[in-house]
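Residue numbers (the working numbering), protein chains in the order written: chain X, 126 to 237; chain W, 126 to 237. Beneath this line is the structure, given in C-alpha cells, with notes to follow.
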DNA sequence: GTAACGTACAACCAAATGGTTGTAGATGAA
DNA sequence: TTCATCTACAACCATTTGGTTGTACGTTAC
C-alpha cells in the first residue's frame, strides 16, 4: 500500500486534467487498452498536436504513462492515480459525515 | 436516489472547480459548517472579490450553495455533488477492472 | 438618519489554456 | 536508400482564469 504524499499542486494537476471531455475520454480508453498517440489523434476532431498536448497534460498529472514501441508511443491509463483521486473525494465526504455525526450527538444530548 | 444526468460541461465544471487549492479548502470548510463569504475571505491572503469569485465558480459547479441571512450570504457545501464526482471516478475504475477481468479470462482460456 | 458592514459587479491585467500551423528528427517499410 | 509514418516541439493566437481595484447597493447597528 502506497502512502499518498500528494502536494496541492499534484491534486490541482489531477483535477485540472480531468476537467476536459477529450482528456477524460483518453483516460477511459487507455485504461481499457494501450493506444498510440496517433491512434488517439484519429479519434478526435482536432489536430495531432492538440491531442499530443492533451496527453502531455494527462502525463504531467500522472493519469497516463507513455511507453515507446518502435516509433510509436503507447499511452496507458494509470488506475492508481484514479484511486488517489477517489480517496481525496472520500476525505471530503468523510468531513460531511463527521459533521452529521456531531449534529446527531447534539440532538441526542438535547433529548435528555 | 437521484439518477445522475450530468452533461460533459457539468463534469468539466465540477473537476475544474476542484482543481484549485483555495476552492478545495472552501468546500472542505463549508461541508463542515456554513460560513459567510466575508468570513471565508478572512481566511485567505487575497481580496474579498477574489474569494467571491472562487465561491461563484464552486456555485456554478453546484459544489456549494448560498443562503441569504440578513446582509450575509452563507455558503454551504453540497455533499451530493461530491458524491456524483465519486461515482464518476468509480466508473473509471470499473473500466480498468473489467479490462483486468477480461485479461484473466484470456489467461484462463490459455491454460486449457 | 448615518455610519459601518457584507455583498455584487464592472473594468482591468498577467498568465495559463486549448487550439492552430510548421519544421525537424526517429523509425519502419519498400 | 528513400519514402511514409509517428512523434516532438516551437511559435503563434484567442479565450479563459485568477487576481486586482473601484463603485454601488442592501442591511444592521448606533
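C-beta atoms are modelled at their ideal positions from N, C-alpha and C, and glycine is treated no differently.
DSSP places residue 185 (chain W) in the uninterrupted alpha helix (DSSP H) bounded by 173-185. Taking a beta-carbon distance threshold of 8 Å, residue 228 (chain W) does not count as an interface residue toward chain X. By the CB criterion at 8 Å, residue 180 (chain X) and residue 203 (chain X) fall outside the cutoff.
Contact of residue 207 (chain W) with chain X is assigned, a C-beta pair being separated by under 8 Å.
Residues of chain X with a Cβ closer than 8 Å to the Cβ of residue 158 (chain W) are, in chain order, 224.
Exposed is the label assigned to residue 128 (chain X), since fewer than 16 other Cβ atoms lie within 10 Å of its Cβ. In the structure shown, the three-state DSSP call for residue 130 (chain W) is coil. Straight-line measurement puts the Cα of residue 155 (chain W) at about 10 Å from the Cα of residue 149 (chain W). Per DSSP, the unbroken alpha helix (DSSP H) holding residue 148 (chain X) starts and ends at 146-157.
In terms of beta-carbon proximity, residue 164 (chain W) stays away from the interface with chain X, with every pair separated by 8 Å or more. Around residue 210 (chain X), the beta-carbon contacts reaching into chain W at under 7 Å are 214. Within chain X, no C-beta atom comes nearer than 7 Å to that of residue 129 (chain W); the closest sits roughly 15 Å away. Here residue 202 (chain W) is bridged, per DSSP, to W:189. Note on residue 173 (chain W): under 16 other CB atoms within 10 angstroms of its CB, so exposed under the neighbour-count rule.
Residues of chain X with a Cβ closer than 9 Å to the Cβ of residue 218 (chain W) are, in chain order, 156, 204, 207, 208, 211. The Cβ atoms of residue 176 (chain W) and residue 162 (chain W) sit closer than 8 Å to each other. From the listed residues W:159, W:146, W:223, the smallest Cα separation to residue 225 (chain X) is found for W:159. Only 139, 140, 141, 142, 143, 144, 145, 146, 149 from the region 139-151 of chain W bring a Cβ to less than 9 Å from some Cβ of chain X.
Under the Cβ criterion of 8 Å, residue 167 (chain W) is not counted among the residues facing chain X.
Cβ-Cβ distances below 7 Å link residue 169 (chain W) to 147, 176 in the same chain, with the five nearest sequence neighbours on each side left out; the list follows chain order.
Contact annotation, residue 200 (chain W) with residue 191 (chain W): C-beta distance approximately 6 Å; criterion of less than 8 Å satisfied. Approximately 4 Å separates the beta-carbon atoms of residue 138 (chain W) and residue 186 (chain W); this is inside 8 Å, confirming the contact. Using a 10 angstroms sphere on the CB of residue 232 (chain W), the tally of other CB atoms stays under 16, which defines it as exposed.
With respect to the C-alpha of residue 130 (chain X), the residue from X:220, X:222, X:213, X:221 having the closest C-alpha is X:213.
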